[in-house]
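For what it's worth, the working numbering labels the leading residue of the sequence shown as 56, then goes sequentially. By construction, the Cβ of each residue, glycine as well, lies at the ideal position given by its N, Cα and C atoms. A short worksheet on the structure shown next.
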Amino acid sequence: MIYHLLYPLHTTFSSFNVFRYITFRTIYATITALVICFVIGPWLIRKLQSMQIGQQIREDGPQSHLSKKGTPTMGGVLIIFAVVVSTLLWANLTIDYVWLILLVTVGYGLIGFVDDYLKLIGKNSKGVSGKTRLTIEIMIALFVSIILYIKPGFNSQVTIPFFKTVLPNLGWGYVLLSTFIIVGAANAVNLTDGLDGLAIGPATICFATYLMFAYFAGNVKVSTYLQIPYVAGAGELAVFCGALVGASLGFLWFNSYPAEVFMGDVGSLSLGGALGMMAVITKQEILLVIVGGIFVIETFSVIFQVGYFKLTQGKRIFRMAPLHHHFELKGWAEPKVIVRFWVISILLALMAISTLKLR
Ligand code: 57M
């Protein structure tokens, strides 16, 4: 909104020319989302408490989690609200990528909201059935992937890290890959969100990384210099990522150990879906495996644990999956597991950024 209202006045007030710059609007999208979380966060936590929207703790989890019973959850609504308001305020709303990624962010948030609501208020502990959730997630991802595929100028080539000339063109197959990435990222973040700040920390790091990738991909000079695909309009998603970084840091203020609020599936599915979309639109699809390596490791720990459990009729690779529970049961204090995962996430992000030069 601000871009559309104030930039045109730069002919009268020359200082308003600053609203043209993506860097300026990204910084203020970040600050706006952060301030929204600071202002609304305390009120929301009190509201969730008064509505008794408190986390139920499974008996079969780490005993240390039992004390978390009743912690307000569904705090992800704060993240989504802050991101949507800040993006609508600061982004150039004529760029269709902005609306597509907001559709996924809000759509996946709604899936998580209904699941959380049924589990916590509807007293249906199972929430939405796994099959129903997955079907709706796939439908939303498929819809936006088809829109992207038929969008003039969007190419169906896949960028392979380290190999600048290897750009396999998947054709319609790209729609399936894109769908898989969005749905996979959403569920990977969902699985990871099992300790205070464990998901929001790496998510913040991932969005800060994809903020850079969006700016690079949307800038014809930088993308040519780096020899990465040029995606006209992708630069505006740096503003969206700025809003996400601000909202994530704002949420972390309350979700840091000991957490005053959990994000709920409304937050984890929403963040993961947005992350998958960022990987697809910036044409850094495979690089998400490195940038979001913490989410990938956590997901594979579950896949290997469940697979091995079934293969060996009850044996386990880890003391418990996902991997964060394994370290908890090894005796690591919760904050130590969390911060060490953040450190690994930062390392992975730096490695991913370096691949842009190692090609
Ligand atoms: C998402 N949800 C947390 C909170 C958060 C197949 C299996 C691996 C599935 C997996 C599962 O159910 N995952 C669901 C993880 C839950 O957090 C809520 O869920 C939202 C995110 N979706 O926002 O609302 C619990 O996590 C803790 N938590 C915090 N701080 C936070 O900031 O402490 C969350 C956020 C919360 C709270 O205790 O209640 C979760 O862990 O369920 N299942 C599991 O992850 C279970 N693992 C398991 O079953 N392992 C078995 C399988 C693989 C064979 C094994 O290894 O033997 C664990 N989860 C729980 N108890 N709660 C262990 C059992």
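Residue i vs residue j beta-carbon contact at 9 Å
i: residue 390; j: residue 251; result: yes
i: residue 319; j: residue 171; result: yes
i: residue 132; j: residue 99; result: yes
i: residue 271; j: residue 260; result: no
i: residue 293; j: residue 78; result: yes
i: residue 353; j: residue 189; result: no
i: residue 340; j: residue 152; result: no
i: residue 112; j: residue 121; result: yes
i: residue 222; j: residue 332; result: no
i: residue 214; j: residue 330; result: no
i: residue 135; j: residue 164; result: yes
i: residue 317; j: residue 130; result: yes
Residue i - containing alpha helix (DSSP H), residue span
i: residue 24; result: Because the chain here runs from 56 to 414, residue 24 falls outside it and cannot be looked at.
i: residue 250; result: That residue, residue 250, is in no alpha helix (DSSP H); it is neither H nor E in DSSP.
i: residue 49; result: One cannot answer for residue 49 here, as it falls past the ends of the chain, which runs 56 to 414.
i: residue 180; result: Looking at the DSSP string, residue 180 is not in any alpha helix (DSSP H), and its letter there is neither H nor E.
i: residue 417; result: Residue 417 lies beyond the stretch modelled for the chain, which goes from 56 to 414, so this question has no answer here.
i: residue 393; result: 389-409
i: residue 383; result: 378-384
i: residue 227; result: Segment: none, residue 227 is in no alpha helix (DSSP H) and carries neither H nor E.
i: residue 101; result: 77-105
i: residue 187; result: 185-205
i: residue 54; result: Only positions 56 to 414 of the chain appear in the structure, and residue 54 is not among them; the question remains open.
i: residue 337; result: That residue, residue 337, is in no alpha helix (DSSP H); it is neither H nor E in DSSP.
i: residue 141; result: 131-145
Cα-Cα separation between residue i and residue j, rounded to whole angstroms
i: residue 249; j: residue 67; result: 53 Å
i: residue 297; j: residue 306; result: 14 Å
i: residue 187; j: residue 75; result: 43 Å
i: residue 58; j: residue 269; result: 19 Å
i: residue 382; j: residue 279; result: 44 Å
i: residue 60; j: residue 220; result: 42 Å
i: residue 257; j: residue 123; result: 22 Å
i: residue 405; j: residue 193; result: 31 Å
i: residue 203; j: residue 388; result: 44 Å
i: residue 69; j: residue 201; result: 41 Å
i: residue 88; j: residue 324; result: 19 Å
i: residue 286; j: residue 206; result: 12 Å
i: residue 116; j: residue 338; result: 38 Å
i: residue 357; j: residue 380; result: 11 Å
i: residue 263; j: residue 408; result: 11 Å
Expected contact under 8 Å - CB spacing of residue i and residue j to nearest Å
i: residue 237; j: residue 335; result: 7 Å
i: residue 374; j: residue 385; result: 7 Å
i: residue 350; j: residue 243; result: 4 Å
i: residue 183; j: residue 173; result: 6 Å
Pairing CB atoms from the region 145-152 with CB atoms from the region 73-91, are three or more of them under 8 Å?
-> yes
Counting pairs of beta carbons, one from the region 88-96 and one from the region 295-303, are three or more of them closer than 8 Å?
-> yes
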